[in-house]
Structure formats: structure tokens, C-alpha cells
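Peer 1: Residue numbers (the working numbering): 62 to 279. C-beta atoms are modelled at their ideal positions from N, C-alpha and C, and glycine is treated no differently.
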Ligand SMILES: [Zn+2]
Ligand SMILES: [Zn+2]
């Protein structure tokens, strides 16, 4: 699930249930209900999950009296709606499995926005000599695989030695990306007549006999 800024703002805001004055809980729309005629029209909603809520407490009796079955109502609010409405629940656990972790959602949103911006910047990164979006995508294990491959393919042309450390120090979860990136680093070092000291891993000239960083002989 990816929530845009408006939806994120909606679930991060405090919404108070008018039946019990308690803060409502953000929930993800259950997929089972999509297309069942309820017309959620939103991937998220707020719900009052307070078991002491007046609406919830009195509705058990009403359902039994009017329809003869075990159910109650909770107060729910959809994004953009001025007023909430009651939604039927069969047990006190209903919707508790759909609760959204707002902070987690914010982080997810932030990561996705950074990825999208970096993908956009790939088009101009060679002209602008901009390594930043390339490295961001290569190191972001959650980024789209094809975009990461494309970023790896741009490393040689960028020929920027700043890429060496972040790539060498990253623990790649995706083996293929790790290989592509590290092989590009090998080529970039070679193209610049450089190598990594086998003892301290600092970058030195290919021809160096003694490492200027750790003073050890090659
Ligand atoms: Zn309530
Ligand atoms: Zn060294």
C-alpha cells in the first residue's frame, strides 16, 4: 500500500469520536470488502475502537432487537467526509487487524518519494555530473530493481570516485545489484589508475609500492 500525502495527513491527524470523545484509530480498508457494494472508495479510514464507546455499547442491543443477530456498530470516518457514519461489526475484534502504524507509513512514504525523485534525476545525472540519485537507488534495497540496474549502468559514465566507499561499504541484499555495482567500482578505479590497498582498503595509485595510508609495502 502506498499512501499519498493527503491520506497520510488524514490518518496522522487526531479525529475524535463524537460518541465517546476518544481518539479514533487509523485503519487500512480490508481488501475483502472492496467491491462488495459498501463503496469504501478509500484505502484508509478512521474508526473508533473504544469498547466503552456509547454507540458501540448500545448498538448490540439494537441489532438484537431489530434484526435478531449478534452485531454492533462502530463510528468510522472516511477521508474527505465531513461526518462519520456507523459501520457494522460482528465482534469487538473487527478491524483490529487492519490498524495502521502511522510512523511506519510515513517512513514508507518518505522512502518512496526519495526513490521517485532519484529516478527522475537519473535522466539528467550525466549532464549534471550528479552521482547522488545513482547512489541512492543503488543502495536502496527497496527501490525498483530495474531502476537500480539502470543506476548501476550509469556509474562508468559518471566515473566519480565518490561512489567507491558507499558501494564498497554497503551490504547488498540483492546479489545481482551488488555485483553490478562492485564491478563498476573495479572498472572506475582501473580507469583512473587507482586500486585499493589490500591491507587498509584505502584508494592508492596502481603503481604505488608503499601505501600512503598504512605505509605497508605492496
Ligand atoms: Zn466512540
Ligand atoms: Zn594501506
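Does the count of Cβ pairs from the region 132-145 and the region 157-170 closer than 8 Å reach three?
Peer 2: no
Peer 1: Which word fits residue 152, buried or exposed, when buried means at least 16 other C-beta atoms lie within 10 angstroms of its C-beta?
Peer 2: exposed
Peer 1: From this set, 275, 244, 199, 246, which residue's C-alpha is nearest residue 259's C-alpha?
Peer 2: 275
Peer 1: Roughly how many whole angstroms lie between the Cα atoms of residue 257 and residue 249?
Peer 2: 12 Å
Peer 1: For residue 176, count neighbouring C-beta atoms within 10 Å of its own C-beta (all shown protein chains included) and say buried if the count is 16 or more, exposed if not.
Peer 2: buried
Peer 1: With burial defined as no fewer than 16 other Cβ atoms inside 10 Å of the residue's Cβ, what is the status of residue 128: buried or exposed?
Peer 2: That one is exposed.
Peer 1: Based on Cα-Cα distance, which residue from 131, 123, 140 lies nearest to residue 85?
Peer 2: Considering only alpha carbons, the answer is 140.
Peer 1: Closest to residue 68 by C-alpha separation, out of 268, 208, 89, 109, would be which residue?
Peer 2: Ranking the options by Cα distance to residue 68, first place goes to 89.
Peer 1: Who are the Cβ neighbours of residue 273 in its own chain at under 7 Å, not counting the five residues just before and after it?
Peer 2: Same-chain partners within the cutoff: 265.
Peer 1: Please confirm if the region 219-228 is in contact with the region 238-252, defined as three or more CB-CB distances below 8 Å between the two stretches.
Peer 2: yes
Peer 1: Where in the region 131-183 do unbroken runs of the beta strand (DSSP E), each at least 3 residues long, occur, reported from the N-terminal end onward?
Peer 2: 133-138, 146-150
Peer 1: For residue 78, count neighbouring Cβ atoms within 10 angstroms of its own Cβ and tell me buried if that reaches 16, exposed if not.
Peer 2: buried
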